[in-house]
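A.B. asks: Mapped onto our numbering, the consecutive letters of the sequence shown carry residue numbers 56 to 190.
Where is the CB? At the ideal position from N, CA and C, for every residue including glycine.
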Amino acid sequence: MKKLSTLLALVLALMFLCVTASAASYAAGTYEAEGQGNNGPVKLSVTFSDDAITAIDVIEHAETAGLSDPAFATIPDAVIANQSLAVDTVSGATNSSNAILTAIADAVAQAGGDVDALKAVEIEKAEATDIEATY
Numbered sequence: 056m057k058k059l060s061t062l063l064a065l066v067l068a069l070m071f072l073c074v075t076a077s078a079a080s081y082a083a084g085t086y087e088a089e090g091q092g093n094n095g096p097v098k099l100s101v102t103f104s105d106d107a108i109t110a111i112d113v114i115e116h117a118e119t120a121g122l123s124d125p126a127f128a129t130i131p132d133a134v135i136a137n138q139s140l141a142v143d144t145v146s147g148a149t150n151s152s153n154a155i156l157t158a159i160a161d162a163v164a165q166a167g168g169d170v171d172a173l174k175a176v177e178i179e180k181a182e183a184t185d186i187e188a189t190y
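(1) Does I16 pass the burial test, meaning 16 or more other C-beta atoms within 10 Å, or should it be called exposed?
(2) Would you please state the rounded distance, in angstroms, between the beta carbons of V176 and N137? I believe it to be under 8 Å.
(3) E118 and N153: beta carbons closer than 8 Å?
(4) By the three-class DSSP mapping on this structure, what secondary structure does Q165 have?
(5) Alpha carbon to alpha carbon, what distance is there between I178 and L99?
(6) Using the Cβ count rule (16 or more neighbours within 10 Å means buried), how would you classify S123?
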């Protein structure tokens, strides 16, 4: 019985740590950061409330138009929607994707957030669907 109560106490303590670790805390404001893309720095402006990333705007980049566009269109929205840095990179725009994520991580650090905790936040992945091709 003593082992069971010890185990229960350990489980409750771990649950408490998980809940408190997932509560993000930032110094509210807007921070500028950059990550290295294929053709130079990718500069972003990232806005935080006390407990969330609320906006991510691209300030400047020299990435190849057309190839990098999907990364700029999807990654910032996915980070905001999931409050996570564990979003997938965009195939064909991996370096641009990584530059965006690096810049966001830098802004998180500037705002006093826990970058490693945001990288550990799991997001729901879309399930692959079977598509029947017709020719």
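C.D. replies: In brief:
(1) Because residue 16 is not part of the residues shown, which for the chain are 56 to 190, the question remains open.
(2) The residue you call residue 176 lines up with position 121 of the sequence shown. The residue you call residue 137 lines up with position 82 of the sequence shown. Their Cβ separation, rounded to whole angstroms, is 7 Å, which keeps V176 and N137 in contact under 8 Å.
(3) The residue labelled residue 118 in the question sits at position 63 within the sequence shown. The residue labelled residue 153 in the question sits at position 98 within the sequence shown. The Cβ-Cβ distance between E118 and N153 does not fall below 8 Å.
(4) Here residue 165 corresponds to residue number 110 of the sequence shown, with the count starting at 1. Looking at Q165 - three-state DSSP - the assignment turns out to be helix.
(5) Locating residue 99 in the sequence shown gives position 44, counting from the first residue. Locating residue 178 in the sequence shown gives position 123, counting from the first residue. Taking the Cα positions, L99 is about 23 Å away from I178.
(6) Residue mapping note: residue 123 aligns to position 68 of the sequence shown, counting from 1. It counts as buried.
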